[in-house]
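Written out below as structure tokens is the structure these notes cover.
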Amino acid sequence: MCSPASFLLRPWATRCFFVFALVAAGGITGCDKAQSDSIRLANLGKKAMERDDYREARIRFQEAVDVFPENAKAHYGLGVSLIEFDELNQARKHLREASKLDATMTEAFYQLGVVALRDDKLDEAEQSLRKALEQQPDHSAAQYTFSLLLERQGNIKDAETALRRSIVLDPYQPAAFLQLARLYTRVGAEGEAIAVLREGLRLCTDDKVESAAQIAQLFNELGILLQQAGRYTESIEALTKAIRLPGATPEIVFNLGWAHASNGEVQSALSYFNQYIELAEPNNPAVRIATNVARHLRQRLTADSDG
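Letter by letter, the sequence shown follows residues 63 to 369 in the working numbering.
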């Protein structure tokens with residue numbers, strides 16, 4: 063039986079990149095050739111994944127598995143690729159095979175936890191995530207995902223602990239700050255939530271995070287909380303920063319319109335609600351709300367003009 067070649071694995075969010083050791087050419091047995099071909103195909107899958115070409119990655123990893131079924135890393139790569147297509151049962155199958163072939167593959171257990179949580183299989187998710195954290199306690203993404211599981215289980219205090227541990231391990235993950243703020247909001251601790259978001263924005267600068275859209279999400283959440291606290295000027299400031307960032311969503315435009323309306327700035331509010339109506343999907347329920355609010359704002363402007 064041939065064992066898969068050694069490799070270096072680097073986790074990143076829910077996607078993972080692979081570096082496979084290539085088998086030197088020359089004097090290759092049939093078994094070695096199958097293994098070498100599998101590694102070569104898996105490397106092609108890795109390159110496709112780096113380009114976010116998951117269709118190509120899926121094909122190459124499947125070919126790698128077909129050529130050499132004992133390649134744990136090929137099963138793992140195929141499993142991760144299948145997650146992108148929302149084929150969770152097949153993803154689970156290959157991730158489990160990867161973990162059986164290599165019981166030390168922390169990432170396989172982590173991704174199994176991700177799949178189980180998405181599939182609402184909480185006990186299975188807990189088992190897999192605990193295994194991943196047992197092998198690698200400083201796995202920030204696993205700590206973050208474990209916090210989501212704990213919150214789903216109603217264990218708010220431990221979810222907070224896991225989130226804070228995840229942030230200590232990797233202070234440049236906006237999603238963890240956003241989740242922690244929402245956790246505090248859920249229990250009525252809005253002041254703590256605002257403080258968490260401000261800290262997240264201090265640390266997660268555009269040179270530290272994957273995309274500016276993640277920073278926009280933090281500003282948006284901060285703007286919502288400040289608006290709910292009646293701090294409209296601060297809310298407008300936060301939401302304006304959010305809307306100026308690449309990847310800002312139409313929902314931020316809606317929230318900015320609402321903040322201006324709450325602050326008595328009718329013309330600005332109307333402008334943003336009109337923008338939202340143009341940007342949002344027509345079947346979005348919030349479009350009807352924005353349309354009604356815009357109509358009332360126009361009526362108010364007309365009344366003020368007539369007066």
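Where a beta carbon is used, it is the ideal one built from N, C-alpha and C, also for glycine.
Residue-chain proximity (residue i, chain D), Cβ-Cβ < 9 Å
i, result
"Leu-301", "No chain D appears in the structure shown, which is made up of a single protein chain."
Expected contact under 8 Å - CB spacing of residue i and residue j to nearest Å
i, j, result
"Ala-304", "Ala-331", "Not really, about 16 Å apart at Cβ, beyond 8 Å."
"Ala-170", "Ala-160", "4 Å"
"Ala-255", "Tyr-246", "4 Å"
"Gln-173", "Gly-139", "The Cβ separation is near 10 Å, so there is no contact."
"Leu-212", "Tyr-234", "Incorrect: roughly 22 Å between the Cβ atoms, too far for contact."
"Val-258", "Ala-275", "With a Cβ gap of about 19 Å, Val-258 and Ala-275 do not count as contacting."
"Thr-168", "Gln-197", "4 Å"
"Val-315", "Gln-337", "5 Å"
"Asp-297", "Ala-321", "Sequence check: residue 297 is Ser here, not Asp. Yes, Ser-297 and Ala-321 are in contact; Cβ-Cβ is about 4 Å, under 8 Å."
"Leu-184", "Gln-215", "6 Å"
Three-state secondary structure assigned by DSSP to residue i
i, result
"Ala-251", "coil"
"Gln-197", "helix"
"Thr-267", "coil"
"Phe-130", "coil"
"Glu-272", "coil"
"Asp-148", "coil"
"Ala-365", "helix"
"Asn-354", "helix"
"Val-349", "helix"
"Asn-336", "helix"
"Glu-261", "helix"
"Ala-342", "coil"
"Gly-326", "coil"
"Thr-91", "Reliability of the predicted coordinates at Thr-91 is poor, the pLDDT of 45 falling under 50, and the value obtained from them is presented with this limitation in mind. In this structure, Thr-91 counts as coil in the three-state DSSP scheme."
"Leu-84", "Here Leu-84 scores only 31 on pLDDT, less than 50, and its place in the model is too uncertain to base an answer on."
"Arg-360", "helix"
Cβ-based neighbour list, residue i, same chain, cut-off 7 Å, excluding 5 preceding and 5 following
i, result
"Ala-178", "Glu-186, Ala-187, Ser-190"
"Ala-300", "Phe-281, Leu-284, Gly-285, Leu-288"
"Asp-181", "Leu-150"
"Leu-231", "Asp-200, Ser-202, Gln-205"
"Ala-126", "Ser-100, Leu-103, Ala-104, Gly-107, Asn-133, Ala-136"
"Ala-221", "Ser-209, Leu-212, Glu-213, Leu-245"
"Val-271", "Tyr-234, Pro-236, Ile-277"
8 Å Cβ shell around residue i - same chain, five flanking residues per side excluded
i, result
"Ser-273", "Pro-308, Gly-309"
"Leu-84", "Confidence in Leu-84 is poor, its pLDDT being 31 and thus under 50, which makes the residue's placement too unreliable to answer from."
"Val-349", "Tyr-338, Ile-339, Ala-342, Glu-343"
"Glu-252", "Tyr-246, Leu-287, Gln-290, Ala-291"
Sequence-distant residues of its chain with Cβ nearer than 6 Å to residue i (five each side left out)
i, result
"Thr-118", "Reading the sequence as shown, one finds Glu at residue 118 and not Thr. For Glu-118, where only same-chain residues beyond five positions count, the Cβ hits under 6 Å are Ala-110."
"Gln-205", "Ala-224, Arg-227, Ser-228"
"Asp-114", "none"
"Tyr-116", "Ser-143, Glu-146"
"Val-355", "Phe-335"
"Asp-268", "Ala-274"
"Phe-130", "Ala-96, Gln-97, Ser-100"
"Arg-120", "Ser-143"
### Query
In chain order, which alpha helix (DSSP H) runs of at least 4 residues are fully inside the stretch 158-238?
Listed in chain order, they are 168-180, 184-197, 202-214, 218-231.
| At which residue ranges does the stretch 281-318 contain complete alpha helix (DSSP H) runs of 4 or more residues, listed in the order of the chain? | At a cut-off of 4 residues, the continuous stretches assigned as alpha helix (DSSP H) that sit fully inside the stretch 281-318 are 294-305.
Requested in this report: Ignoring anything shorter than 4 residues or poking outside the stretch 96-130, list the alpha helix (DSSP H) runs there in chain order.
Outcome: Segments of the alpha helix (DSSP H) lying fully in the stretch 96-130: 116-129.
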